[in-house]
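First up is the structure itself, then whatever we jot down about it.
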Amino acid sequence: MSELRIRGLQKSFDGHPVLHGIDLSVERGTLLALLGPSGSGKTTLLRLLCGFERADGGSVEIDGRRVVGDNLHVPSEQRRIGYVPQEGALFPHLSVADNIVFGLPRTQRRARHRVAELLELVGLPAHFGERAPQQLSGGQQQRVALARALAPAPTLVMLDEPFSSLDAALRVETRQAVASALAAADATAVLVTHDQSEALSLGHEVAVLWNGRLIQTATPEALYRRPVTRELASFVGEAVLLPGIARQDRASCELGELALAAPVGNGAVDVMLRPEQIRLLRADEAARADAAHDALVTDVIFQGQDASVALQLQSATRTMVRARVPGYLCPRPGARVRIAVDGEVTAYPRG
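In this text, residue positions in the sequence shown follow the UniProt record's numbering: the first is 1, and each later residue adds one.
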């Protein structure tokens with residue numbers, strides 16, 4: 001059953017359309033990552049769902065109850081939505097425990113066992129309830145903000161770029177703790193983010209907003225391997241794009257004849273693959289590989305666990321491509337190597 005159901009949702013500001021007929025369903029227990037570049041309409045959609053703004057058209061149902069549509073606008077406090085803003089927004093004059101129970105009915109605010117349960121759920125010890133928010137790290141404050149959002153047992157949890165202000169190491173730790181807490185609570189959640197790695201690593205599904213339109217909703221794997229447009233391919237991750245010719249379920253390009261993830265018809269295409277699909281062959285592999293190609297290493301960016309390697313194909317056009325290889329296999333600039341392509345590729349018709 002869909003916990004969240006959106007149909008034809010529209011919004012304009014000063015006559016300028018921001019959202020164009022959004023259709024989206026989120027199943028119960030799903031963490032949906034809402035991904036898009038700045039200005040794509042993510043924050044506007046979140047504000048419409050929370051009830052902070054009024055929609056111009058369309059409908060929204062939460063747990064089978066309509067909250068938007070046909071001149072209906074249910075106030076935000078009646079929608080049973082838990083909201084986690086970017087900065088956590090904890091009340092500095094209240095303790096952690098009092099922050100967590102703030103959204104509960106007054107008769108339930110003395111239930112300290114509930115505070116302990118929620119702190120444990122978000123990976124914090126129970127005695128943190130006695131602390132002031134200022135005594136916590138940024139990541140710990142975000143966990144408390146999630147505990148506060150979960151305290152009233154909401155139907156839906158909305159997270160508005162909750163990790164954007166954290167440093168890189170703390171961001172990874174905090175987002176995994178938040179994902180674990182949401183899963184343990186069996187919560188249905190929408191995570192708004194512009195961070196591709198965050199969307200791909202946390203979302204059960206990813207919905208992509210682009211210029212106010214929902215252009216693809218898919219599992220993280222499907223979105224990464226089979227994005228619906230060239231622009232989305234480059235936005236979701238580094239993409240290698242080469243001109244080619246498609247014939248049925250295969251495409252020919254400078255890297256050979258490659259299997260397509262999905263047929264696109266016959267004709268001129270742009271072939272898309274990911275840098276990690278380009279494999280540098282060992283000497284024993286290169287000697288017996290029929291589909292290998294010669295390349296010259298022109299540049300290497302070493303990044304520890306992996307390396308980005310710029311390669312000039314030794315073909316008539318001297319096309320440049322970029323591969324991503326494990327750091328321990330990092331070649332030196334000037335090295336001549338043999339390469340092959342692993343897995344299926346995606347193609348986009350040209351013209």
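From the three backbone atoms N, C-alpha and C, an ideal C-beta is built for every residue, glycine too.
Per DSSP, cross-strand counterpart(s) of V192: Bridge partners of V192: L34 and D160.
Cβ pair A145, G103 closer than 9 Å: Contact flag unset, no.
CA nearest to the CA of P92, picked from A126, A132 and D56: Ranking the options by Cα distance to P92, first place goes to A132.
Span separating the alpha-carbon of L4 from that of R322: Going from the Cα of L4 to the Cα of R322 covers about 41 Å.
CB contact flag (A55, L24, <9 Å): Contact annotation: A55 and L24 have beta-carbon atoms that are not nearer than 9 Å.
With 16 other Cβ atoms within 10 Å as the buried cut-off, status of I301: Under this definition I301 is an exposed residue.
Contact set for V26: own chain, Cβ-Cβ below 7 Å, skip 5 residues either direction: S2, E3, L4, L32, T188 and V190, listed in sequence order.
Alpha-carbon spacing of A347 relative to P105, whole angstroms: Taking the Cα positions, A347 is about 55 Å away from P105.
Backbone secondary structure at V208 - three-state DSSP: Residue state, collapsed to three classes: strand.
Under 9 Å between C-beta atoms of P243 and A268: Yes, they are a contact pair.
Complete runs of the alpha helix (DSSP H) confined to the region 241-324 [at least 4 residues]: DSSP assignment within the region 241-324 yields the following whole alpha helix (DSSP H) runs of 4 residues or more, N-terminal first: 283-288.
Residue environment, T193, which counts as buried when at least 16 other CB atoms sit within 10 Å: The residue is buried, with at least 16 neighbouring Cβ atoms inside 10 Å.
Three-way DSSP call (helix, strand, coil) for V115 in this model: Under the three-state reduction of DSSP output, V115 falls in the helix class.
Coarse secondary structure for residue 383, derived from DSSP in three states: Nothing about residue 383 can be read from this structure; the chain reaches only from 1 to 351.
Own chain partners of V271 with C-beta closer than 6 Å, once the 5 adjacent residues on each side are dropped: Sequence-distant Cβ neighbours of V271 in its own chain, meaning closer than 6 Å and more than five residues away, are L242, G244, A251, C253, V345 and A347.
CA-to-CA distance, A340 to V240, given in whole angstroms: In a straight line, the C-alpha of V240 is about 14 Å away from that of A340.
Close Cβ partners of residue 401 (< 7 Å) along its chain, the five nearest in sequence each way excluded: Within the shown structure, residues of the chain are numbered from 1 to 351, placing residue 401 beyond reach of any answer.
Cβ-Cβ distance between L34 and L48 below 9 Å: In this structure, L34 keeps its C-beta atom at 9 Å or more from the C-beta atom of L48.
Which listed residue (G69, E173, V297 and R282) has its alpha carbon closest to that of Q142: Checked all of G69, E173, V297 and R282; the closest Cα to Q142 is E173.
Test item: CB-CB of P37 and G212 under 9 Å: No, these two residues do not count as a Cβ contact at 9 Å.
Status (buried if at least 16 other CB within 10 Å, exposed otherwise) for F128: With 16 or more neighbouring CB atoms inside 10 Å of its own CB, F128 falls in the buried class.
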